[in-house]
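Following: one structure in structure tokens, then a few remarks.
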Amino acid sequence: MGDKSPEQASRGKKSPTSPKGAKSPKSPKSSEAGAQDPTSETVGILPAQHWVQSAQDHGYDDDAESAVGSLNPSSTASISSSILNYRTLHGRTYHGEVGSAEYWGANDEQQSESLDIKKLLTLGLELSTHVRMFPNPSFSDFADEFPEAEVIGTDISPIQPTWVPPNLKFEIEDCTQPWTFAPDTFDYIHMRWLIGSIPDWSALFTEAFKACRPGGWFESCEPECGFTSDDGTVRDDTALGQWQKFYEEGQRKTGRVFTVVRDGIQRKCMEEAGFVDIQEFSFKIPIGSWPKDPKLKELGQYGQLVLEADTEGYILFMANTLGWTREEIQVYIAHLRREVRSGKIHAYYRQNIIWGRKPESE
């Protein structure tokens, strides 16, 4: 489905209406006092023992925490055994060997449930901003909406549903390798949530340009890897403030970029590839129920659901590369949940969507 794994991309052979631009919605604001001093010294990633000691100092009970305020939500191609031979880390599964693919997120049922909720977040965002980023949040819905189109979804894990519309098929493919599709094949190509898994973004966008038909559209949607706030409540020494530190350390270790939005990589690579009529839309996703605006509050509740449905699945791989034990990771996660549910920390993360057209042949 649409976000089952961020390696996945949608390619339609008949183009829907091209995305439309719109003004960015007003940023979530807060009347919370005490904005952070921008000149203050930033804090690096805190050691695992910091969170263990903090829990002991405050007398936190993880069992009680898990029981109170929980928001847990109730391919056509042949598959080789190596693809199904998933890697395992602390009981969680990750994709098998597919080309040179390296992805940091789990691919099991718990992670899939979190990504399914993310589709509802996409719908809520469209209703809130009046901008339709992706013609539909799932490939099945997309195929249903455009029955005359042939829709192909690619992934590095065979975790897609078996019941799909007849005009939709899934293929196992590593998008970091040269694409197997013929040039000028697709009217529309959509990618999302690939941060931390691409060694060369310029090469990826160049492959998309080759596969796109003249006059076709390419769209990329990526999130920022960390949380921030407008009022200084997300400090570097909070669990929410430390979230991005895991990915920044992972970026240094793996060489795969997580700071795609912050560094403006999407636009740079789209221009280099040769796309024209480029439009860009950046927006904020609150985490939690703290916004006063009803629409932003609803988005924040969905954002919290996505995060809490499988916090471990998003952070486990990166924390493990830093030498953290699973028990230490769980203590950190308990701190993060507590901050989100308190409503005192007004966190959000940025998402950036950009689309462009391949010029017509001369």
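Using my numbering, the first residue of the sequence shown is number 1352, and each one after it goes up by one.
C-beta: ideal position from N, C-alpha, C; glycine also.
1) Between A1698 and I1629, which are expected to be in contact by the criterion C-beta below 8 Å, what is the C-beta distance as a whole number of angstroms?
2) Roughly how many angstroms separate the alpha carbons of E1301 and D1538, rounded to a whole number?
3) Sorted by chain position, which residues of the same chain lie with C-beta nearer than 8 Å to M1669's C-beta, five sequence neighbours on each side aside?
4) Taking 7 Å as the limit between beta carbons, can you name the residues of its chain near C1576, skipping five residues before and five after?
5) Secondary structure at K1619, three-state DSSP: helix, strand or coil?
6) First and last residue of the beta strand (DSSP E) that includes S1693?
7) Can you check DSSP and say which residues form a bridge with Y1699?
8) Check for me: the beta strand (DSSP E) holding D1495 runs from which residue to which?
9) To the nearest angstrom, how far is the alpha carbon of D1492 from that of V1502?
10) Return the bridge partner residues of E1524 from the DSSP annotation.
11) Short of 6 Å in beta carbon distance, which residues of its chain neighbour V1515, apart from the five on each side in sequence? Order them along the chain.
12) Who are the near neighbours of S1553 in its chain, counting only those whose CB is closer than 7 Å to its CB and skipping five residues on each side?
13) Measure the C-alpha to C-alpha separation of D1495 and Q1404 and round it to an integer number of angstroms.
14) If we ignore side chains and look at the alpha-carbon of each, how far apart do T1672 and L1397 end up?
15) When DSSP labels each residue in this structure, what does F1556 get in the three-state scheme?
16) Count the C-beta pairs between the segment 1679-1696 and the segment 1638-1658 that are closer than 8 Å, then say yes if the count reaches three, no if not.
17) Measuring CA to CA, which of G1651, G1674, F1569, F1497 is closest to R1618?
18) Which residues does DSSP list as the beta-bridge partners of Q1630?
19) Classify K1695: buried if its beta carbon has 16 or more other beta carbons within 10 angstroms, exposed otherwise.
Put simply:
1) At roughly 30 Å, the Cβ-Cβ gap does not stay under 8 Å, so A1698 and I1629 are not in contact.
2) Absent from the structure is residue 1301, since the part of the chain shown begins at 1352 and ends at 1713.
3) W1455, F1597, Y1598, E1600, G1601
4) I1546, Q1595, Y1598, F1609, T1610
5) helix
6) Taken as a continuous stretch (DSSP letters only), S1693 belongs to no beta strand (DSSP E), being part of the alpha helix (DSSP H) at 1677-1693.
7) T1579, P1637
8) Not the beta strand (DSSP E): D1495 falls in the alpha helix (DSSP H), residues 1490-1496.
9) 11 Å
10) DSSP output for E1524 lists no bridge partner at all.
11) S1491
12) Excluding residues up to 5 positions away in sequence, C1620, E1623 lie with their Cβ nearer than 7 Å to the Cβ of S1553 in the same chain.
13) 52 Å
14) 14 Å
15) helix
16) yes
17) Of the residues G1651, G1674, F1569, F1497, the one whose Cα lies closest to the Cα of R1618 is F1569.
18) W1706
19) exposed
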